[in-house]
Amino acid sequence: MTMPQPTVLDTTTDLRPATLARLKTELETALRSHEERLVQDPEQDDISMTVYRRSQEAHDEIVAALSRMSEGTYGICETCGGAISEDRLEVMPHTRLCMSCAHRAR
Ligand SMILES: [Zn+2]
4 MTMPQPTVLD TTTDLRPATL ARLKTELETA LRSHEERLVQ DPEQDDISMT VYRRSQEAHD
64 EIVAALSRMS EGTYGICETC GGAISEDRLE VMPHTRLCMS CAHRAR
């Protein structure tokens, strides 16, 4: 196991930027179709409004992750400043916190 190098992100071999960009596009499509439904029928039930808000939050997280990538701060925990493990980034590419800070924040 080698230590992750959060400040050196090789965008030519790292698939995460592409994965995040694809997720962002998918969420934007989902949000747009939800907004169209809202215009036609403003009385949406709670479940679909919850899904809508969650999608918006996920979209914001992904946009933030992409901007961290371009700033070179991607993969650095926002709480302790330590490196977020590759395994964790693999599962949650938009995460802002390392494993132990995420557990503490719960
Ligand atoms: Zn941390």
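For the sequence shown, counting from 1, position 76 maps to 79 in my numbering; every step adds exactly one.
Ideal placement from N, C-alpha and C gives every residue a C-beta, glycine not left out.
As the structure is a computational prediction, the values presented were derived from the model and not from experiment.
- Ala86 is bridged by DSSP to Ile79.
- What you get when you keep residues with a C-beta closer than 7 Å to any heavy atom of ligand 1 is Cys80, Thr82, Cys83, Gly85, Leu100, Cys101, Ser103 and Cys104.
- Secondary structure of His37 (DSSP, three-state): helix.
- Taking the Cα positions, Asp44 is about 25 Å away from Asp63.
- Straight across, the Cα-Cα distance linking Thr98 with Met72 is about 12 Å.
- Comparing alpha carbon positions, the residue from Ala86, Ala24 and Arg56 closest to Ser103 is Ala86.
- Taking C-beta separations shorter than 6 Å and ignoring five residues to either side along the sequence, the partners of Ile65 in its chain run Leu23, Leu26, Lys27 and His97, following chain order.
- Straight-line measurement puts the Cα of Asp17 at about 12 Å from the Cα of Leu92.
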